Amino acid sequence: MPSARPRVLYVSDLTYPAKGRRYGDEDDFLTSRLRDEFDVAVCHPLDAASLMDGFDVVVVRNSGPVLNYQAQYDAFRERAITRGVRVYNELSGKGDMSGKGYLLELTAAGYPVIPTVDRAQDLGRLPEADAYVVKPKLGADSIGLEFVSRERLSEMAYGDVLVQPRIDFRYEVSFYFVDRTLQYALYAPQPDRRWALEPYEPTDADREFAQRFVDWNDIAYGIQRVDACRAPGGELLLVELEDLNPYLSLDVLSPDARDAFVASMKSSLRKLIDRERP
Numbered sequence: 004m005p006s007a008r009p010r011v012l013y014v015s016d017l018t019y020p021a022k023g024r025r026y027g028d029e030d031d032f033l034t035s036r037l038r039d040e041f042d043v044a045v046c047h048p049l050d051a052a053s054l055m056d057g058f059d060v061v062v063v064r065n066s067g068p069v070l071n072y073q074a075q076y077d078a079f080r081e082r083a084i085t086r087g088v089r090v091y092n093e094l095s096g097k098g099d100m101s102g103k104g105y106l107l108e109l110t111a112a113g114y115p116v117i118p119t120v121d122r123a124q125d126l127g128r129l130p131e132a133d134a135y136v137v138k139p140k141l142g143a144d145s146i147g148l149e150f151v152s153r154e155r156l157s158e159m160a161y162g163d164v165l166v167q168p169r170i171d172f173r174y175e176v177s178f179y180f181v182d183r184t185l186q187y188a189l190y191a192p193q194p195d196r197r198w199a200l201e202p203y204e205p206t207d208a209d210r211e212f213a214q215r216f217v218d219w220n221d222i223a224y225g226i227q228r229v230d231a232c233r234a235p236g237g238e239l240l241l242v243e244l245e246d247l248n249p250y251l252s253l254d255v256l257s258p259d260a261r262d263a264f265v266a267s268m269k270s271s272l273r274k275l276i277d278r279e280r281p
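Under our numbering, the sequence shown has 116 at position 113, and the numbering climbs by one with no breaks.
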């Protein structure tokens, strides 16, 4: 007998070997909680395009770096947009979902972001630093990232890479949003241990910082993670706006905080499902 409950296709690469993260554990937890209110099926990202028509919403979660299956992901996006499939996160994101070119846009607009250029003639706009970060515009999970000296910057092949000064930051901090509402924040007090996270109590200024980027983005329904670093001068600078499949580090949270996040995600999904198709 058919179910009246909404049907969710949950996209995850449960076995992807993410350094310092356990994709499978996080997604096992989330799907177990979503099943309280939804009928949930889990699939690998390579299967999403062929399966998605039978569901009310497609939830893209810990699906791994898209670089590993770029053609299939592009086909999934095209099919979802063409058919008006509800995807969570919405496919309108301007952050990492569309590559890292947004860092150039935000730099030019004067946002608090690590200064970023992509042309040799713009290197003079970067502050002096002991080393520089060169990373692909379509990079993910530190794939293709390297540190180079100022002298080596002139040897780089520009076009598909971004250049930033290497910041001697105090720590990294991440802010986790459902839709446009901050849920919690975590930080890595040891700069060399990115995924050794602890709860972080953001100040009003921290909240305003993170909110600016979420408000700038074009996602009404979805989960976003604003990654920042605390610069030597005390200010926060954006490292990344992850709006495709951000890992949530739910295991670090208290049971009450996890429950609150799940409740917010369920509410967001129901609003998206109830919205008229475009």
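We put the beta carbon where it would ideally sit given N, CA and C, even for glycine. All of these numbers come straight from a predicted model, not from anything done at the bench.
DSSP lists Tyr179 as the bridge partner or partners of Tyr187.
Our two residues, Tyr179 and Val166, have alpha carbons roughly 26 angstroms apart in a direct line.
In this structure, Lys140 and Asn220 do not form a Cβ contact; the two beta carbons are roughly 18 angstroms apart against a cut-off of 8 angstroms. Ranked by Cα distance from Ser66, the first of Val151, Tyr76, Asp262 and Pro48 is Pro48.
Residue environment for Asp182: buried (at least 16 other C-beta atoms within 10 angstroms of its C-beta). For the stretch 65 to 96, the full-length alpha helix (DSSP H) segments reaching 4 residues or more read 73 to 86 along the chain.
The three-state secondary structure of Ala51, taken from DSSP, is helix. Val60 sits away from Leu189, with the two beta carbons spaced by 8 angstroms or more. An exposed status is given to Lys274, since fewer than 16 other beta-carbon atoms sit within 10 Å of its beta-carbon.
From the listed residues Ala223, Arg215, Ile222 and Arg197, the smallest Cα separation to Tyr250 is found for Arg197. Leu129 and Asp30 have their C-alpha atoms spaced approximately 40 angstroms apart. For the set Leu253, Val217 and Asp259, the Cα lying nearest the Cα of Glu245 is the one of Val217. If you ignore the 5 residues before and after Tyr13, its C-beta comes within less than 6 angstroms of the C-beta of Thr34, Val43, Val45 and Val62, all in its own chain and listed in chain order.
Comparing C-alpha distances from Tyr19 to each of Arg215, Ala7, Asp209 and Val69 shows the shortest one belongs to Val69.
Put simply, the backbone Cα of Met268 is about 8 angstroms away from that of Ile226. Straight through space, the alpha carbons of Arg210 and Thr85 are spaced by roughly 36 angstroms. Ala51 and Phe79 have their alpha carbons spaced roughly 7 angstroms apart. The straight-line gap separating the alpha-carbon atoms of Asp259 and Arg8 is approximately 26 angstroms. Residue environment: Asp16 is assigned as buried (16 or more neighbouring CB atoms within 10 Å of its CB, all protein chains considered). The Cβ atoms of Ile117 and Leu239 lie no closer than 8 angstroms to each other. CA-to-CA, the gap between Ile222 and Met100 works out to about 11 angstroms.
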